[in-house]
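In the working numbering, the protein residues as written are 102 to 200. Every residue gets a Cβ at the ideal spot worked out from N, C-alpha and C, and that includes glycine.
As C-alpha coordinates, this is what we get:
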(Lines of atoms letter the chains of each structure in order from A and count residues from 1; the text may use other names and numbers.)
(Lines give C-alpha, C1' and ligand atoms only; values in the text may rest on other atoms or scores of the structure.)
Protein backbone atom coordinates (compact mmCIF):
# COMPACT_ATOMS: atom_id res chain seq x y z
CA UNK A 1 0.00 0.00 0.00
CA UNK A 2 1.21 3.51 -0.80
CA UNK A 3 0.82 6.44 1.57
CA UNK A 4 0.29 10.05 0.65
CA UNK A 5 0.68 13.11 2.79
CA UNK A 6 -2.44 15.20 3.08
CA UNK A 7 -2.20 18.92 2.52
CA UNK A 8 -1.49 21.16 5.44
CA UNK A 9 -4.73 21.93 7.28
CA UNK A 10 -5.48 24.67 9.78
CA UNK A 11 -7.19 23.30 12.87
CA UNK A 12 -8.03 25.04 16.16
CA UNK A 13 -5.00 23.34 17.69
CA UNK A 14 -2.61 24.45 14.95
CA UNK A 15 -1.53 22.84 11.71
CA UNK A 16 -1.82 19.15 11.08
CA UNK A 17 -0.27 16.88 8.48
CA UNK A 18 -1.85 13.49 8.03
CA UNK A 19 -0.71 10.36 6.29
CA UNK A 20 -3.57 8.96 4.26
CA UNK A 21 -3.46 5.48 2.75
CA UNK A 22 -4.25 5.18 -0.93
CA UNK A 23 -6.89 2.83 -2.26
CA UNK A 24 -5.49 -0.61 -3.07
CA UNK A 25 -7.96 -0.89 -5.99
CA UNK A 26 -7.65 2.45 -7.79
CA UNK A 27 -4.82 4.32 -6.04
CA UNK A 28 -7.01 7.27 -5.06
CA UNK A 29 -6.64 8.92 -1.66
CA UNK A 30 -8.79 7.61 1.15
CA UNK A 31 -10.97 9.39 3.66
CA UNK A 32 -11.77 8.00 7.10
CA UNK A 33 -14.78 5.69 7.10
CA UNK A 34 -16.96 6.06 10.18
CA UNK A 35 -19.64 3.65 11.38
CA UNK A 36 -22.43 4.27 13.89
CA UNK A 37 -24.60 7.29 14.57
CA UNK A 38 -22.67 10.33 13.30
CA UNK A 39 -22.42 13.65 15.11
CA UNK A 40 -23.47 16.79 13.17
CA UNK A 41 -19.85 17.57 12.27
CA UNK A 42 -19.48 14.12 10.68
CA UNK A 43 -22.48 14.82 8.41
CA UNK A 44 -20.87 18.14 7.43
CA UNK A 45 -17.49 16.48 6.74
CA UNK A 46 -19.18 13.76 4.68
CA UNK A 47 -21.01 16.40 2.63
CA UNK A 48 -17.61 18.01 1.93
CA UNK A 49 -16.10 14.66 0.88
CA UNK A 50 -13.64 14.54 3.78
CA UNK A 51 -15.29 11.62 5.59
CA UNK A 52 -17.36 8.61 4.54
CA UNK A 53 -20.30 7.33 6.57
CA UNK A 54 -20.57 3.55 6.69
CA UNK A 55 -23.94 3.04 8.37
CA UNK A 56 -24.96 1.38 11.62
CA UNK A 57 -24.05 -2.26 10.99
CA UNK A 58 -20.42 -2.96 11.88
CA UNK A 59 -18.59 -6.17 10.94
CA UNK A 60 -15.97 -7.76 13.19
CA UNK A 61 -13.16 -6.30 11.06
CA UNK A 62 -14.79 -3.27 9.40
CA UNK A 63 -13.03 -1.25 6.73
CA UNK A 64 -11.75 2.09 8.00
CA UNK A 65 -11.00 3.97 4.77
CA UNK A 66 -12.94 4.74 1.58
CA UNK A 67 -11.90 6.42 -1.68
CA UNK A 68 -13.96 8.64 -3.98
CA UNK A 69 -14.82 5.55 -6.08
CA UNK A 70 -16.39 4.06 -2.91
CA UNK A 71 -13.84 1.26 -2.60
CA UNK A 72 -13.46 0.35 1.06
CA UNK A 73 -10.49 -1.25 2.78
CA UNK A 74 -9.04 -1.83 6.20
CA UNK A 75 -5.67 -0.38 7.12
CA UNK A 76 -3.98 -1.79 10.21
CA UNK A 77 -2.72 1.63 11.37
CA UNK A 78 -5.64 2.53 13.62
CA UNK A 79 -3.77 5.53 15.04
CA UNK A 80 -3.45 7.15 11.60
CA UNK A 81 -7.17 6.59 11.00
CA UNK A 82 -8.04 8.02 14.42
CA UNK A 83 -5.81 11.10 13.93
CA UNK A 84 -7.25 11.80 10.48
CA UNK A 85 -10.83 11.30 11.70
CA UNK A 86 -10.34 13.71 14.59
CA UNK A 87 -8.58 16.26 12.35
CA UNK A 88 -11.52 16.22 9.93
CA UNK A 89 -14.14 16.46 12.69
CA UNK A 90 -12.33 19.31 14.49
CA UNK A 91 -12.00 21.20 11.19
CA UNK A 92 -15.80 21.05 11.00
CA UNK A 93 -16.31 22.40 14.53
CA UNK A 94 -16.28 19.24 16.64
CA UNK A 95 -15.31 19.58 20.28
CA UNK A 96 -15.43 16.83 22.87
CA UNK A 97 -18.60 17.22 24.82
CA UNK A 98 -18.82 16.43 28.51
CA UNK A 99 -21.71 14.30 29.77
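Own chain residues within Cβ distance below 6 Å of residue i, not counting five before or after
i, result
"residue 147", "154"
"residue 193", "142, 145, 146"
Beta-carbon separation (whole angstroms), residue i vs residue j, contact threshold 8 Å
i, j, result
"residue 189", "residue 133", "6 Å"
Secondary structure of residue i, DSSP reduced to three states
i, result
"residue 141", "helix"
"residue 185", "helix"
"residue 152", "coil"
"residue 179", "helix"
According to DSSP, residues forming a beta bridge with residue i
i, result
"residue 123", "130"
"residue 168", "131"
"residue 173", "167"
Cut-off 8 Å between Cβ atoms - residues of its own chain near residue i, not counting five sequence neighbours on either side
i, result
"residue 175", "162, 163, 164, 165, 166"
"residue 149", "193"
Contact test: residue i Cβ vs the ligand MG heavy atom, cutoff 7 Å
i, result
"residue 148", "Summarising the ligand content, the structure contains no ligands, and the ligand MG is consequently not present."
Close beta carbons around residue i, own chain, < 7 Å, minus the five adjacent residues each side
i, result
"residue 127", "168, 170, 172"
"residue 113", "For residue 113, the pLDDT reaches just 41, beneath the cut-off of 50, and the residue's location in the model is therefore unreliable, leaving the point undetermined."
"residue 131", "121, 122, 123, 124, 166, 167, 168"
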